[in-house]
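Below is one structure, written out as structure tokens, with a few remarks after it.
Residue numbers (my numbering): 619 to 859.
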């Protein structure tokens, strides 16, 4: 009998230890992501990309941070895949990939896009959305009872910020399709014949990406609206009582 009690106590202690380790890790991860986006937001305020003459210097200050901030969520795909968080791995991957192809592909291959208003729009929309998302996750992990205003922002800010971000991304890609119509990008990464026996015409590739982007974005927006309805349903009824 005593052995059984000891086994139960040991099992409970192990469970609590694992839960605490999970919470500590996720809080640390979310705090790191929030800090990076805070730096991006701060530098955006300092260098004000609303004015075209400021955009080159602004992007020089935020470019690396944006790359880091869009790469870190690869871990969120892993978290969802291994069950560390209750998120759909495929949906999370789509969200991460939609940002990474812009920050790691278009903005790296086409520096002229740094001067576009759409780039400033995209990064500003991303930054504001993450200011709502990561604090919500941190509160949820630490306190469980998240303040209503923070929960409302988490599940409502995207109604405006997501379309703005998508608009900026689409405008950037439309410009990229035009800029990719050069010999350098019509035979990317190197012209045939080559060791890989492979090349891409990036202009055509991004025409297809644009065709998929609109329905994909509508799907993601609908998914997020459904999440919002589920998340705020109980909150609104409790608030009205």
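Cβ coordinates follow ideal geometry from the N, Cα and C atoms, glycine included.
From a predicted model like this one, the values you see are computed outputs, not experimental measurements.
- Along the length of the stretch 646-715, whole alpha helix (DSSP H) runs at least 4 residues long occupy 673-689 and 692-699, reported in chain order.
- Between residue 808 and residue 817, the C-beta spacing is below 8 Å.
- If you draw a straight line from the Cα of residue 804 to the Cα of residue 768, it is about 47 Å long.
- Judged by DSSP in its simplified three-state form, residue 728 adopts coil rather than helix or strand.
- Beta-bridge partners assigned by DSSP to residue 806: 818.
- DSSP, reduced to helix, strand and coil, places residue 772 within a helical segment of the structure shown.
- Counted as a single uninterrupted DSSP element, the alpha helix (DSSP H) harbouring residue 753 occupies residues 735-760.
- By the criterion of a C-beta distance shorter than 6 Å, residue 842 is surrounded in its chain by 776, once the five residues flanking it on both sides are discounted.
- Per DSSP, reduced to three states, the secondary structure at residue 795 is helical.
- Approximately 17 Å separates the beta-carbon atoms of residue 720 and residue 695; this is outside 8 Å, ruling out the contact.
- Taking the C-beta atoms as reference points, residue 791 is found nearer than 8 Å to residue 724.
- Pairing residue 649 with residue 690 gives a Cβ-Cβ distance that is not under 8 Å.
- Cβ contact annotation for residue 722 (same chain, cutoff 8 Å, sequence separation greater than five): 685, 688 and 689, in chain order.
- The C-alpha of residue 766 is placed about 11 Å away from the C-alpha of residue 757.
- In chain order, 667 place their CB closer than 6 Å to the CB of residue 738, counting only its own chain and leaving out the 5 sequence neighbours on each side.
- In terms of CA proximity to residue 797, 821 leads the group 706, 821 and 672.
- Of all alpha-carbon atoms in 832, 789, 658 and 712, the one lying nearest the alpha-carbon of residue 749 is that of 658.
- In the three-state scheme derived from DSSP, where H, G and I count as helix and E and B as strand, residue 638 is classed as helix.
- Rounded to whole angstroms, the Cβ separation of residue 773 and residue 850 is 6 Å, and the two are in contact under 8 Å.
- Around the Cβ of residue 837, a 10 Å sphere holds fewer than 16 other Cβ atoms; the residue is exposed.
- Contact annotation: residue 784 and residue 835 have beta-carbon atoms nearer than 8 Å.
- Rounded to whole angstroms, the gap between the alpha carbons of residue 813 and residue 672 is 42 Å.
- Under the three-state reduction of DSSP output, residue 811 falls in the coil class, being neither helix nor strand.
- The Cβ atoms of residue 707 and residue 715 lie no closer than 8 Å to each other.
- Counting every other CB atom within 10 Å of its CB across the protein chains shown gives residue 644 a total of 16 or more, marking it as buried.
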